[in-house]
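> According to full-length UniProt numbering, the sequence shown is numbered sequentially starting from 1.
Dropping the structure in here first, questions after.
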Amino acid sequence: MRDQITTAVQAYVEENGDGITIKRMLALSKFNGMAKHICNLAEDLMISLVILPFHKNQCANGTLDEGNPGFRHVNRKVLRNAPCSVGILVDRGYGLVEEISRSVRSFQVAVIFFGGKDDREALAYAGRVARHPGVKLTVIRFLLDSDSENPSRRAGNYRINAAEQEEEMKLDDECFAQFYERHIAGGHVSYNEKHVANSAETYATLRSLEGQYGLIIVGRGGRVNSILTIGMNDWQQCPELGPIGDVLSGSDSSHTTSVLIIQQHSLKGELDGVDDEFSIM
Numbered sequence: 001m002r003d004q005i006t007t008a009v010q011a012y013v014e015e016n017g018d019g020i021t022i023k024r025m026l027a028l029s030k031f032n033g034m035a036k037h038i039c040n041l042a043e044d045l046m047i048s049l050v051i052l053p054f055h056k057n058q059c060a061n062g063t064l065d066e067g068n069p070g071f072r073h074v075n076r077k078v079l080r081n082a083p084c085s086v087g088i089l090v091d092r093g094y095g096l097v098e099e100i101s102r103s104v105r106s107f108q109v110a111v112i113f114f115g116g117k118d119d120r121e122a123l124a125y126a127g128r129v130a131r132h133p134g135v136k137l138t139v140i141r142f143l144l145d146s147d148s149e150n151p152s153r154r155a156g157n158y159r160i161n162a163a164e165q166e167e168e169m170k171l172d173d174e175c176f177a178q179f180y181e182r183h184i185a186g187g188h189v190s191y192n193e194k195h196v197a198n199s200a201e202t203y204a205t206l207r208s209l210e211g212q213y214g215l216i217i218v219g220r221g222g223r224v225n226s227i228l229t230i231g232m233n234d235w236q237q238c239p240e241l242g243p244i245g246d247v248l249s250g251s252d253s254s255h256t257t258s259v260l261i262i263q264q265h266s267l268k269g270e271l272d273g274v275d276d277e278f279s280i281m
C-alpha cells in the first residue's frame with residue numbers, strides 16, 4: 001500500500017506537479033498511539049488537511065467488508081483531536097471515467113452541498129480539485145422544496161437556535177456565491193439543484209446518484225438542524241462518516257463511487273452525531 005501511494009503521488013507530480021513538493025515520512029506505531037502521532041505530525045508540519053482511509057475495504061462483489069476496528073478507532077480519534085481539517089476516503093476504485101480520446105480522460109466528480117461548516121469546507125476542497133484539467137466537477141445543492149409545509153412544524157423535538165441558524169445560512173450563501181462566481185458562472189463547473197421536502201426524499205435522491213460519478217465529496221456534518229437531514233443520524237451505521245457520507249458509502253451497496261467525507265477543523269473538539277457508546281475520549 002505504501003509503495004502504491006508513493007508511486008501514484010510521484011506520477012501526479014511528474015505530470016501535473018509544478019511547484020509541488022513531496023515529503024515522505026514513515027512512522028511505526030501501535031493502534032492506541034497512532035492517532036496521537038498523526039495529530040502531532042499534522043501540527044508540527046502545519047498541515048491544513050489530513051486524509052485517512054476508511055476502515056472498511058471493498059470486496060470482490062463490490063460491497064464493503066466488516067473492516068478493521070483498530071483503524072476505525074484511529075479515524076475517530078483523529079476526527080476529534082486533529083489540529084486541522086480531516087477527510088475520510090471510502091475508496092471504491094476509479095468509478096466513472098469518460099474517455100474523450102485515446103489520450104484524454106475525464107474523471108466525473110460531484111460535491112454535495114446542504115450547508116454548514118463541513119459542507120463549506122468540502123466545497124472549497126472541490127474547487128481545488130476542479131482545477132485539474134482531467135476533472136469534470138458537478139455541484140449538487142440540496143434545497144427545501146418551496147411547496148413543502150412549514151419546516152418549523154416538521155422539526156418535532158429538534159431544537160433550533162434561530163440566531164445560529166441565521167448566521168450559518170448567511171455564511172452558506174456567501175460561500176456559495178463566491179464559488180458560483182469563480183467556478184460555475186464561467187462554465188468550468190456544472191451545477192444542479194435538488195429540491196426535496198424531507199429526509200426521506202433526501203435519502204432517495206442520494207441513492208439515485210450511485211454510479212453517476214467516480215468520486216463524491218461531502219461534508220461530514222456541521223449542519224444546523226437542517227430539515228432535509230433530520231432523523232438521518234438515527235440510520236447511520238458509521239457515525240464518523242456523518243449522515244450523508246454514510247448513505248453514499250452504504251456497506252451493502254455494490255456501486256463503484258468513492259466518497260470523500262470532510263470535517264472542518266473545530267476548536268471545540270466535538271464529534272457530531274456520536275453517542276456515548278461510540279465515545280473515543
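Every residue gets a Cβ at the ideal spot worked out from N, C-alpha and C, and that includes glycine.
Below 8 Å on the Cβ atoms is my guess for His55 versus Arg72; work out the distance and round it to an integer in Å.
Position 55 of the sequence shown, counting from 1, holds the residue named residue 55. Position 72 of the sequence shown, counting from 1, holds the residue named residue 72. At roughly 4 Å, the Cβ-Cβ gap stays under 8 Å, so His55 and Arg72 are in contact.
> Report all residues from its chain with a CB closer than 6 Å to the CB of Cys238; omit the five preceding and five following residues, and keep chain order.
Locating residue 238 in the sequence shown gives position 238, counting from the first residue. Asp246.
> Between the alpha carbons of Val218 and Leu28, how many angstroms are there, rounded?
Here residue 218 is taken as the residue at index 218 of the sequence shown, counted from 1. Here residue 28 is taken as the residue at index 28 of the sequence shown, counted from 1. Distance between the alpha carbons of Val218 and Leu28: 31 Å.
> Go through the UniProt domain "Cation/H(+) antiporter central" (18-99) residue by residue and report every complete run of the alpha helix (DSSP H) that reaches 4 residues or more, in order.
Counting only runs of 4 or more, we get 31-44, 69-81.
> If we ignore side chains and look at the alpha-carbon of each, how far apart do Cys39 and Asp147 end up?
As a working note, residue 39 is residue 39 in the sequence shown. As a working note, residue 147 is residue 147 in the sequence shown. Their backbone Cα atoms lie some 46 Å apart in a straight line.
> Assuming Ile261 contacts Leu241 under a Cβ cut-off of 8 Å, what Cβ separation, rounded to an integer in Å, is found between them?
Within the sequence shown, the letter at position 261 stands for residue 261. Within the sequence shown, the letter at position 241 stands for residue 241. Going by Cβ atoms, the distance from Ile261 to Leu241 rounds to 5 Å, so yes, they are a contact pair.
> Run through the segment 198-228 for me and flag every whole beta strand (DSSP E) of 3 or more residues, listed as ranges in chain order.
Listed in chain order, they are 215-219.
> Of the choices Phe142, Ser106, Ser190, whose alpha-carbon is the least far from that of Gly116?
Counting from 1 along the sequence shown, the entry for residue 116 is found at position 116. Here the closest residue by C-alpha is Phe142.
> One question on the structure: do Ile140 and Lys194 come within less than 8 Å of each other, judged by their Cβ atoms?
Start at 1 with the first residue of the sequence shown, and residue 140 comes out as number 140. Start at 1 with the first residue of the sequence shown, and residue 194 comes out as number 194. Going by C-beta atoms, Ile140 is nearer than 8 Å to Lys194.
> What does the Cβ neighbour count give for Lys77, buried or exposed, with the cut at 16 atoms within 10 Å?
Locating residue 77 in the sequence shown gives position 77, where the first residue counts as 1. Counting Cβ neighbours within 10 Å, Lys77 comes out buried, since at least 16 surround it.
> Under 8 Å between the Cβ atoms of Asp118 and Gly221?
Along the sequence shown, read from residue 1 onward, the residue named residue 118 stands at position 118. Along the sequence shown, read from residue 1 onward, the residue named residue 221 stands at position 221. Yes, Cβ-Cβ distance for Asp118 and Gly221 is below 8 Å.
> Comparing C-alpha positions only, which one of Arg131, Gly250, Val259, Gln212 sits nearest to Asp65?
As a position in the sequence shown, residue 65 is number 65, starting the count at 1. Among Arg131, Gly250, Val259, Gln212, the Cα nearest to that of Asp65 is on Gly250.
> Go to Tyr125, then tell me how far its alpha helix (DSSP H) extends in each direction, as first and last residue.
The count along the sequence shown starts at 1 and reaches residue 125 at position 125. Unbroken alpha helix (DSSP H) run through Tyr125: 117-129.
> Opposite Thr138 in the DSSP bridges: which residues?
As a working note, residue 138 is residue 138 in the sequence shown. According to DSSP, which records beta bridges pairwise, Thr138 is partnered with Ala110, Ser190.
> What does a CB cutoff of less than 7 Å around Val74 pick up in its chain, not counting 5 residues either side in sequence?
Stepping through the sequence shown from its first residue, residue 74 is reached at position 74. For Val74, where only same-chain residues beyond five positions count, the Cβ hits under 7 Å are Phe31, Met34, Ala35.
> Leaving out five residues on either side along the sequence, give the residues of the same chain with a beta carbon under 7 Å from the beta carbon of Cys59.
Numbered from its first residue, the sequence shown carries residue 59 at position 59. Cβ within range, chain order: Asp65.
> Measure the C-alpha to C-alpha separation of Asp234 and Ser199 and round it to an integer number of angstroms.
Counted from its first residue, the sequence shown places residue 234 at position 234. Counted from its first residue, the sequence shown places residue 199 at position 199. Asp234 and Ser199: Cα-Cα distance of roughly 11 Å.
> Have a look at Leu41 and Thr21 and give me their C-alpha separation to the nearest angstrom.
Walking along the sequence shown from the start, residue 41 turns up at place 41. Walking along the sequence shown from the start, residue 21 turns up at place 21. If I take the Cα positions, the gap works out to 17 Å.
> Contact defined as beta carbons within less than 8 Å: I believe Thr205 pairs with Arg92. What is the distance between those atoms, to the nearest angstrom?
Numbered from 1 along the sequence shown, position 205 holds the residue referred to as residue 205. Numbered from 1 along the sequence shown, position 92 holds the residue referred to as residue 92. Their Cβ separation, rounded to whole angstroms, is 20 Å, which puts Thr205 and Arg92 out of contact at 8 Å.
> Who does His195 pair with in a DSSP beta bridge?
Residue numbering aside, residue 195 sits at position 195 when the sequence shown is read from its first letter. Bridge partners of His195: Leu143.
> Quick one: give me the first and last residue of the alpha helix (DSSP H) that Gln237 is part of.
The count along the sequence shown starts at 1 and reaches residue 237 at position 237. Unbroken run through Gln237: none, as it is neither H nor E.
> By the three-class DSSP mapping on this structure, what secondary structure does Ile230 have?
Here residue 230 refers to the residue found at position 230 of the sequence shown. Here Ile230 sits in coil by DSSP.
> What are the start and end residues of the beta strand (DSSP E) that includes Leu260?
If you number the sequence shown from 1, residue 260 lands on position 260. Taken as a continuous stretch (DSSP letters only), the beta strand (DSSP E) holding Leu260 covers 258-263.
> In three-state terms, what does DSSP make of Ala185?
Here the question's residue 185 lines up with position 185 in the sequence shown. Coil.
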